[in-house]
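Chemist: Have a look at this one before I ask anything.
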Amino acid sequence: LVLFFFQAVFNYMIPDHKADVFNPPHTTNISNTFVSVLFDGLTNRWDAIYFIHIAEHSYTFENTLVFFPLFPLIVKLLTFSLFYPFTFFLSIRNVLQIVAVLINFILFILSALTLYKFGLAVLKNEHLSYRAAQLFCVNPASIFFSAAYSESLFSLLTFAGLLKLQSNKVLHASILFGLSAATRSNGLVNMGFIVYYFLHFHLKAILKFDLSFCHNLLLFFIYIFLCCSWFIFYQLFAYIIYCEVNKSHFKNLITNELRNYGKEKGYFTLGDSPSPPWCKLTVPISYSSIQNSHWNLGFLKYYQVKQLPNFFLASPMLFICFYLVLTYFKNRFYRSVFLEMMPRCLIKKLTNDYELKSKYSLHDVTKKEILVHVCHIFFLTIFALFFMHIQVITRLICSSCPVVYWFLAQKSITQEEKIAIAMWKENINDDQFKNSSVFDVCGKDICKSTVENNHSRYRSTTTIIKKVKVNKQKLNSLHERTKVITDTLTESELINWNESLFNKFFSAYTHIYLFVGVAAFCNFFPWT
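All residue numbers for the sequence shown refer to the UniProt record's numbering, where the first residue is 1 and numbers rise by one.
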């Protein structure tokens, strides 16, 4: 709501930049001016123009095909059903604008809740999961989750699919991943989670080559097909409407005003001849061809001197992603590389000591379950770095990767808080520890409230904790079971949230991108 207020103010006060982008003509009248003032900053800028246009007119121009159909389809269905009465006194376009913003508001809340539940399922840490959901709500790409973009829907489908997969509901996960691929093209990458799941849990059966192997292999291909089926159907749909020989019946779907706009811009228009060049390809995939011809996407094609400002915009997220990956593999190299993909029966004896240590570890975001998510964010980062418009990486990562929020949440928790949570988890009754300053401040009841989401009590407790210096000598004399906690304590880890250089960097990054992004985006300045 705060973001919506600021975008309306910025949109009204700051003159729009004249950007040479897709902006087809649409009718306006006095009764719709109020809606336009309030919502144009979120629905009539950059890619939002494409989504609203698709919802109103369908895929009239070839370049609109790179924007996948699920989000505009939902907007259109709700506009002509639940919100149809509004069309009696507002234009259809204005109702579409209102519905798009309202849907994303709801989807964003649901995405945050789903991320919280998924964090609980993976991390088994309520406080860390809650903090991660908070960071998601104020992420640097927030403007794209509120505007008429597909990021909020994509996040919800991805997080929900991951949550189902974590609960071993692979069929449900595959369907949700398939819907995410109908929302954004990078939804296809989500099938990697299905591949990892089968390698991790069915590798033993696969190596046997018995009847169970055939059964698992069949299931695997069914799930993979579900993940990419909507993408395939959409490409087939694009081929039919743009490459079919008889296209005359499509001409009536486009107004003369839009057709003239398409001719002026040199677009391939629905129903026109000849067909676009990609129709003649052996595998006529419209997406990659249009991205290349209209946006000049391809390997290293974005590496130009004039694009240096966009590389600068992307640099904070690139730094976070690479720092996350390096931190993970540094802390869990042995487990990640040599043990993660092996059958559990082969490594049980070898890792007893390792598991005992990890049980008491304060590094929740370096758990073994995180490997697939680290690989996911690394793949997206490398792909964006070499093949995409690099500035898009901020919203790409923020809408796709739960691990980035877990990592930042872990960094935001002070070491005193980690000790309090870890000590409560172990239910320590050591008399010497009870007499220490740490336990006086972080008694079991208070520590329990931290993990049980009693956040009002937690905040007041944290204020007290920050005033107490951790006595390492007393901690070192604790029971042997808790020695691993003191082993992980270093001077750098005792720096509080407000004093940490990395957390200061991330806090500044988030606030600057949040508010500058709103002002730039809603006034057509380059912020995509």
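For each residue, glycine too, the CB sits at the ideal point set by N, CA and C.
Which residue comes first and which comes last in the alpha helix (DSSP H) that contains HIS57?
Modeler: Position 57 of the sequence shown, counting from 1, holds the residue named residue 57. Looking at the DSSP string, the run of the alpha helix (DSSP H) that includes HIS57 is 47–57.
Chemist: Quick one, which of LEU380, CYS375, ASN11, PHE386 has its alpha-carbon nearest TYR302's?
Modeler: Position 302 of the sequence shown, counting from 1, holds the residue named residue 302. Minimum Cα distance to TYR302 is reached at PHE386.
Chemist: Measure the C-alpha to C-alpha separation of VAL283 and ILE232 and round it to an integer number of angstroms.
Modeler: Here residue 283 is taken as the residue at index 283 of the sequence shown, counted from 1. Here residue 232 is taken as the residue at index 232 of the sequence shown, counted from 1. Between VAL283 and ILE232, the C-alpha separation is close to 11 Å.
Chemist: Alpha carbon to alpha carbon, how far is LEU90 from ASN32?
Modeler: Reading the sequence shown from its first residue, position 90 is the one you call residue 90. Reading the sequence shown from its first residue, position 32 is the one you call residue 32. Their Cα atoms are separated by approximately 6 Å.
Chemist: Going by Cα to Cα distance, which pick from SER399, TYR50, PHE329, PRO526 is closest to PHE312?
Modeler: Residue numbering aside, residue 312 sits at position 312 when the sequence shown is read from its first letter. Ranking SER399, TYR50, PHE329, PRO526 by Cα distance to PHE312 puts PRO526 first.
Chemist: Using 8 Å as the Cβ pair cut-off and three pairs as the minimum, do the region 365–374 and the region 120–136 touch?
Modeler: Yes, since at least three Cβ pairs between the region 365–374 and the region 120–136 fall closer than 8 Å, the two stretches touch.
Chemist: Helix, strand or coil, according to DSSP, for PHE61 in the structure here?
Modeler: Looking up residue 61 in the sequence shown gives position 61. In this structure, PHE61 counts as strand in the three-state DSSP scheme.
Chemist: Quickly, what does DSSP pair THR269 with across the bridge? List them, please.
Modeler: Sequence index remark: in the sequence shown, residue 269 carries index 269 (1-based). Its beta-bridge partners are PHE61.
Chemist: Tell me the start and end of each unbroken alpha helix (DSSP H) in the region 147–230 that is at least 4 residues and wholly inside, in chain order.
Modeler: Counting only runs of 4 or more, we get 151–166, 170–181, 191–208.
Chemist: Short of 7 Å in beta carbon distance, which residues of its chain neighbour LEU408, apart from the five on each side in sequence? Order them along the chain.
Modeler: The count along the sequence shown starts at 1 and reaches residue 408 at position 408. Excluding residues within five positions, the ones whose Cβ falls inside 7 Å are LEU135, PHE506.
Chemist: If distances are taken between C-alpha atoms only, which option among SER180, PHE502, ILE143 comes closest to LEU162?
Modeler: Your numbering for residue 162 matches position 162 in the sequence shown. LEU162 has its Cα closest to that of SER180, out of SER180, PHE502, ILE143.
Chemist: Return the residue from the list ALA19, ILE54, ILE413 that minimises the CA-CA distance to HIS127.
Modeler: Taking the first residue of the sequence shown as 1, we reach residue 127 at position 127. The option with the nearest alpha carbon to HIS127 is ILE413.
Chemist: Going residue by residue through the region 67–102, where are the continuous alpha helix (DSSP H) segments of at least 4 residues, counting only ones entirely within it?
Modeler: For the region 67–102, whole alpha helix (DSSP H) runs of length 4 or above, ordered along the chain, are 70–79.
Chemist: Report yes if the C-beta distance between TYR287 and VAL66 is below 8 Å; otherwise report no.
Modeler: Residue numbering aside, residue 287 sits at position 287 when the sequence shown is read from its first letter. Residue numbering aside, residue 66 sits at position 66 when the sequence shown is read from its first letter. Yes, the Cβ-Cβ distance between TYR287 and VAL66 is below 8 Å.
Chemist: Starting from TRP295, follow the alpha helix (DSSP H) in both directions and report where the run begins and ends.
Modeler: Numbered from 1 along the sequence shown, position 295 holds the residue referred to as residue 295. Where TRP295 is concerned, the enclosing alpha helix (DSSP H) stretches over 286–295.
Chemist: So LEU165 and PHE193 are in contact, right, with Cβ under 8 Å, and what is the actual spacing, rounded?
Modeler: Mapped onto the sequence shown, residue 165 falls at position 165. Mapped onto the sequence shown, residue 193 falls at position 193. About 6 Å; that satisfies the 8 Å criterion.
Chemist: So is ASN94 buried or exposed if we call it buried at 16+ other beta carbons inside 10 Å?
Modeler: Here residue 94 is taken as the residue at index 94 of the sequence shown, counted from 1. Under this definition ASN94 is a buried residue.
Chemist: Determine the DSSP secondary structure at MET317, reduced to helix, strand or coil.
Modeler: The residue you call residue 317 lines up with position 317 of the sequence shown. Correct three-state label for MET317: helix.
Chemist: Can you tell me which of the three DSSP states HIS511 falls into?
Modeler: As a position in the sequence shown, residue 511 is number 511, starting the count at 1. Helix at HIS511.
Chemist: Look up LYS124 in the DSSP assignment and say whether it is helix, strand or coil.
Modeler: As a position in the sequence shown, residue 124 is number 124, starting the count at 1. In the structure shown, LYS124 sits in coil (DSSP, three-state: anything other than H, G, I, E or B).
Chemist: For the alpha helix (DSSP H) that contains VAL305, what are its first and last residues?
Modeler: Within the sequence shown, residue 305 is the residue found at index 305, counting from 1. That residue, VAL305, is in no alpha helix (DSSP H); it is neither H nor E in DSSP.
Chemist: From this set, PRO15, VAL2, PHE329, LEU396, which residue's C-alpha is nearest SER185's C-alpha?
Modeler: Within the sequence shown, residue 185 is the residue found at index 185, counting from 1. Minimum Cα distance to SER185 is reached at LEU396.
Chemist: Where TYR513 and LYS367 are concerned, what is the direct C-alpha to C-alpha distance, given to the nearest angstrom?
Modeler: As a first step, residue 513 is located in the sequence shown; it is residue number 513 there, counting from the start. As a first step, residue 367 is located in the sequence shown; it is residue number 367 there, counting from the start. If I take the Cα positions, the gap works out to 30 Å.
Chemist: Using the C-alpha atoms, what's the distance from LEU501 back to TRP230?
Modeler: Working through the sequence shown from its first residue, we reach residue 230 at position 230. Working through the sequence shown from its first residue, we reach residue 501 at position 501. Each residue's Cα considered, the two are about 44 Å apart.
Chemist: I want to know whether the region 389–403 touches the region 131–145 - three or more CB-CB distances under 8 Å.
Modeler: Cβ pair count under 8 Å is three or more, so yes.
Chemist: From LEU308 to ILE390, what does the alpha carbon distance come to, in whole angstroms?
Modeler: Indexing the sequence shown from 1 puts residue 308 at position 308. Indexing the sequence shown from 1 puts residue 390 at position 390. For LEU308 and ILE390, the distance between alpha carbons rounds to 10 Å.
Chemist: With a Cβ-Cβ cutoff of 8 Å, do GLN97 and VAL37 count as a contact?
Modeler: Residue mapping note: residue 97 aligns to position 97 of the sequence shown, counting from 1. Residue mapping note: residue 37 aligns to position 37 of the sequence shown, counting from 1. Cβ atoms of GLN97 and VAL37: not closer than 8 Å.
Chemist: Within a Cβ cutoff of 8 Å, which residues of the same chain sit near ILE92, ignoring the five residues on either side of it in sequence?
Modeler: Counting from 1 along the sequence shown, the entry for residue 92 is found at position 92. Excluding sequence neighbours, ILE92 sits near GLU56, THR79.
Chemist: I need the straight-line Cα distance from CYS243 to CYS279, nearest angstrom please.
Modeler: Working through the sequence shown from its first residue, we reach residue 243 at position 243. Working through the sequence shown from its first residue, we reach residue 279 at position 279. Cα to Cα, the separation comes out at about 6 Å.
Chemist: Pull up the CB-CB distance for ALA148 and THR43, whole angstroms please, since I reckon it's below 8 Å.
Modeler: Numbered from its first residue, the sequence shown carries residue 148 at position 148. Numbered from its first residue, the sequence shown carries residue 43 at position 43. That pair is a contact at about 4 Å.
Chemist: Checking 8 Å against the spacing of the C-beta atoms, do ALA182 and TYR234 come in under that value?
Modeler: Position 182 of the sequence shown, counting from 1, holds the residue named residue 182. Position 234 of the sequence shown, counting from 1, holds the residue named residue 234. Cβ distance < 8 Å, so ALA182 and TYR234 count as in contact.
Chemist: So what does DSSP say about GLY298, is it helix, strand or coil?
Modeler: As a working mapping, residue 298 is identified with position 298 in the sequence shown. Three-state result, GLY298: coil.
Chemist: According to DSSP, is LYS18 part of a helix, a strand, or is it coil?
Modeler: Within the sequence shown, the letter at position 18 stands for residue 18. Reduced to three states, the DSSP call for LYS18 is coil.
Chemist: Using a 10 Å radius around the Cβ and a threshold of 16 neighbouring Cβ atoms, would you call VAL75 buried or exposed?
Modeler: Here the question's residue 75 lines up with position 75 in the sequence shown. When all chains shown are included, VAL75 counts as buried.
Chemist: From which residue to which residue does the alpha helix (DSSP H) around SER275 run?
Modeler: Working through the sequence shown from its first residue, we reach residue 275 at position 275. From DSSP, SER275 is part of no alpha helix (DSSP H); its letter is neither H nor E.
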